[in-house]
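Asker: A single structure is presented below for examination.
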Amino acid sequence: MPSWEYITTPLLIHNTAAILNNWGSQGWELVQVVQGPEGGLVAYLKRPVGGEASAEASAGLAASAEAAKQFEGEGHA
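Numbering-wise, the numbering used here comes out as the position in the sequence shown, counting from 1, plus 70.
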């Protein structure tokens with residue numbers, strides 16, 4: 071039976087494809103999108119344990135955070 075690891079990430083309404091494509095390119099599969107406690111969207115993703123290095127997961131998280139910062143900068147310009 072396969073073992074899975076999971077991650078959650080916020081989704082920005084105008085940047086969902088870029089965020090999901092970034093995670094997908096690292097082997098993460100979208101499981102579900104739900105409304106977060108503060109009204110935003112949260113994506114739940116999974117991948118088989120050992121499918122990618124943990125360092126790459128951290129890189130994906132950093133890339134998502136950077137995408138969020140870029141979007142926020144555009145919204146407040």
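Heads up, the beta-carbon is just placed ideally off N, CA and C, and yes, glycines get one too.
#1: When the Cα of I83 is compared with those of V104, I77, Q96, E99, which residue comes out closest?
#2: Go through its chain and collect everything with a Cβ distance to W74's Cβ below 8 Å, but skip five positions before and after it.
#3: Taking all protein chains shown into account, do 16 or more other C-beta atoms lie within 10 angstroms of the C-beta of A113, making it buried, or fewer, making it exposed?
#4: Among N85, A88, M71, G97, whose alpha-carbon lies nearest the alpha-carbon of I77?
#5: How would you write the range of the beta strand (DSSP E) that L90 sits in, first residue to last?
#6: Using alpha carbons as the reference points, say which of N92, S95, T79 lies closest to G110.
Answerer: Taking the coordinates as given:
#1: Working through the sequence shown from its first residue, we reach residue 83 at position 13. Among V104, I77, Q96, E99, the Cα nearest to that of I83 is on V104.
#2: Stepping through the sequence shown from its first residue, residue 74 is reached at position 4. Here the set comprises K116, R117, P118, V119.
#3: What you label residue 113 is simply residue 43 of the sequence shown in a count that begins at 1. Buried, because 16 or more other Cβ atoms sit within 10 Å of the Cβ of A113.
#4: Here residue 77 refers to the residue found at position 7 of the sequence shown. The residue with the shortest Cα to Cα distance from I77 is G97.
#5: Taking the sequence shown and counting its residues from 1, one reaches residue 90 at position 20. Counting along the chain, L90 falls outside any beta strand (DSSP E), though it belongs to the alpha helix (DSSP H) covering 86 to 95.
#6: For the purposes of this step, residue 110 is taken as residue 40 along the sequence shown, with counting starting at 1. Taking only the C-alpha atoms, the option nearest G110 is T79.
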